[in-house]
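Below: the structure, in structure tokens.
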Amino acid sequence: MLSLYRNQLAGQQKKVLLIGSGLMAEAVIDQLLKRNDNFVVVASAHVEDARKVIQNKERCSAHHLDVTETDELRKFVKNSDIVIAYIPPQFIVPIAKMCAEIGRSMITSQYTFPEIRALEQECKKKGIIMLNEIGLDPGIDHLATVKVRDEVYAKGGKIIEYESWCGGVPSPEFCDNPFGYKFSWSPFAAIRNINNDAKYLEQGVQKYIPASELLYSTEIIHVNPSLQMEGYPNRDSLPYQELYGLKDCQKLVRGTLRYQGHCVLMAAMKALGFASEEVIKVDREMSWFEYLLSNIRFESCSSTFLGNHHITQLANTIDQKVFTLAQLETLLTKVFNRVFSQYYYKDKSEEQLYKDAEQITYTLKWMGVFDPKNLILNNVTHVHNFAAHLQTLMNYKQGETDLVAMQHIFKIVYPNDPRVYVKKSTMVKIGHRNGKSAMAITVGVPTAVATQLILDGVIKVTGVHMPNISEINTPLYEELKKEGIYCEEEDY
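Numbering-wise (the working numbering), the sequence shown opens with residue 2 and increments by one.
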């Protein structure tokens with residue numbers, strides 16, 4: 002296999018090794034193949050996916066690679082000029098260490114891990130760069146933020162508040178499920194993100210939101226006159242005050258965008274245990290109905306929040322002939338006792354709770370929870386089971402498009418001027434019908450462009466970096482603007 006790889010690369014000037022063949026890979030490949038002096042080697046544990054992604058393309062090849070096989074990984078890295086790691090986070094560090102050992106620059110859209118930061122001196126010694134966080138978010142968000150920061154600082158101004166919001170959702174015409182969401186990237190990673198705590202800065206004070214309250218901590222974000230979304234804080238925003246050099250900021254938050262109503266509904270699923278990291282262990286096949294009953298087995302069978310007539314009304318909306326009305330009422334009672342015990346619901350009237358219960362019941366029906374033919378997976382975590390099930394229901398169909406929304410909000414002051422200026426930096430992209438998704442384009446193209454700039458010697462810095470310095474950001478922003486990937490700025 003490796004000898005074939007060498008033959009295919011013979012005479013090629015620039016050899017790009019792309020490790021991974023997931024949803025973003027094709028956008029990377031197509032961007033790199035715009036240059037005739039590039040040859041792209043796609044190496045993946047899922048070689049059939051790799052072959053599919055390069056189908057009908059020239060100057061590229063597909064190969065099997067298990068990155069845990071150190072000798073094989075070394076051969077591929079050694080026979081390449083540069084490496085792009087598009088692979089789950091747990092495999093990034095070994096690839097980075099191999100690149101540092103051999104002396105190959107590496108680009109990834111993943112966050113910068115401490116183990117990669119530790120390679121700083123080795124990378125400088127080898128004259129290479131480990132460029133992390135170059136996709137959409139993280140990636141384009143860094144470019145847009147640093148651009149505004151540099152312009153404000155050049156005029157002697159201060160940024161006193163900063164918000165960064167980003168999310169990928171279905172285009173409105175294809176938003177046809179209760180969650181208002183479809184998967185344009187890893188379903189498991191997308192669902193697992195709701196288990197993260199969040200930290201941010203508000204009025205100069207560090208704020209902490211535990212994972213149990215995260216999805217109830219939303220605010221309305223007016224992306225543009227036709228697009229109003231909800232946002233919630235994403236992980237730890239605090240380090241970005243230093244990373245962005247926003248020393249005067251009294252508010253700093255980075256968050257996730259979704260269509261309105263998504264978060265409280267997903268929080269209900271989380272309250273039912275669907276996002277738990279515990280492993281499911283059952284000794285027989287079990288339906289989702291049985292799973293839900295057993296998963297909330299400690300809840301009272303007496304309705305605490307809804308009247309019995311409401312429970313009966315909801316049970317009668319479930320069209321199935323396997324379970325008795327009493328069984329359905331028992332399950333729904335337990336469901337709503339569990340969900341409505343969350344603090345978010347404490348001040349709601351019973352009528353308000355009933356409206357929420359209608360939406361939750363509808364969602365459970367849509368998920369097929371009351372269909373005994375729908376079986377749970379065994380020996381996986383609850384969150385893996387949930388993500389795998391939703392993946393069967395929430396993938397994009399042929400011809401459907403997605404939407405990516407990103408917005409940064411700056412509050413700025415200048416010397417001898419009492420006014421507070423507001424600047425918004427916004428990007429909204431819609432995917433191509435029967436083509437690449439907006440998510441794939443906005444993640445993959447920045448990665449590929451950064452790779453090209455390193456190959457061409459335009460980006461010359463060495464060491465471990467994210468795109469937050471002018472030597473990287475200025476040429477990268479200019480090239481991406483040519484591709485139509487940038488944020489429009491507006492002053493208020």
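Think of the CB as a built atom: it goes at the ideal place given N, C-alpha and C, for glycine as much as any other residue.
Return helix, strand or coil for residue i, following the three-state DSSP convention.
i, result
"E479", "helix"
"Q204", "coil"
"Q251", "coil"
"W367", "helix"
"L293", "helix"
"H65", "strand"
"Y245", "coil"
"L315", "helix"
"M395", "coil"
"D284", "coil"
"T362", "helix"
"Q14", "coil"
"L120", "coil"
"V459", "coil"
"Y209", "strand"
"L137", "coil"
"A101", "helix"
The alpha helix (DSSP H) that contains residue i, what's its start and end?
i, result
"T334", "326-340"
"L404", "Taken as a continuous stretch (DSSP letters only), L404 belongs to no alpha helix (DSSP H), being part of the beta strand (DSSP E) at 403-415."
"W186", "No alpha helix (DSSP H) contains W186, which DSSP labels as neither H nor E."
"G445", "439-456"
"T71", "71-79"
Could you tell me if residue i is buried or exposed, where buried requires 16 or more neighbouring beta carbons within 10 angstroms of its beta carbon?
i, result
"G458", "exposed"
"H433", "exposed"
"R255", "buried"
"T325", "exposed"
"N380", "exposed"
"N338", "buried"
"Y182", "buried"
"D357", "buried"
"V421", "exposed"
"S238", "buried"
Look at residue i and residue j and say whether their C-beta atoms are less than 8 angstroms apart.
i, j, result
"V465", "I473", "no"
"E551", "I312", "This structure cannot settle anything about residue 551, because the visible part of the chain is limited to 2 through 493."
"V54", "E73", "no"
"T448", "I108", "yes"
"I161", "V153", "no"
"E123", "A97", "no"
Return yes when the C-beta of residue i is under 7 angstroms from any heavy atom of the ligand NAP, and no when it is not.
i, result
"A155", "Among the components modelled here there is no ligand, and therefore nothing to report on the ligand NAP."
Could you spell out the range, first to last residue, of the beta strand (DSSP E) harbouring residue i?
i, result
"D31", "It is not in any beta strand (DSSP E) - D31 instead sits in the alpha helix (DSSP H) that spans 26-33."
"A167", "Reading off the sequence shown, one finds Cys at residue 167, where the question assumed Ala. Counting along the chain, the beta strand (DSSP E) containing C167 begins and ends at 159-171."
"A496", "Residue coverage of the chain in this structure runs from 2 to 493, which leaves residue 496 outside it and unanswerable."
"K425", "418-431"
Are the C-beta atoms of residue i and some chain C residue less than 8 angstroms apart?
i, result
"D72", "Among the chains of the structure shown, chain C does not appear; only one protein chain is present."
Handout entry: contact_flag[the stretch 243-253, the stretch 186-197] where n(CB pairs < 8 angstroms) is 3 or more
Key = Contact fails: fewer than three Cβ-Cβ distances are below 8 angstroms.
Exercise for the section: Could you say if the stretch 137-145 and the stretch 474-488 meet the contact criterion of at least three C-beta pairs nearer than 8 angstroms? Expected result: yes
Problem - Any 3 or more C-beta pairs closer than 8 angstroms across the stretch 395-412 and the stretch 424-443 - result: The stretch 395-412, when compared against the stretch 424-443, does touch it at the 8 angstroms Cβ threshold.
Problem - the stretch 211-228 / the stretch 347-355 touching (three or more Cβ pairs under 8 angstroms) - result: no
Problem - the stretch 105-121 / the stretch 78-94 touching (three or more Cβ pairs under 8 angstroms) - result: yes
Exercise for the section: Give a yes or no on contact between the stretch 399-406 and the stretch 169-176, applying the rule of three or more CB pairs nearer than 8 angstroms. Expected result: yes
Exercise for the section: Answer yes if the stretch 273-293 comes into contact with the stretch 383-400, meaning at least three C-beta pairs across the two stretches below 8 angstroms, and no otherwise. Expected result: With contact defined as three or more Cβ pairs closer than 8 angstroms, the stretch 383-400 and the stretch 273-293 are in contact.
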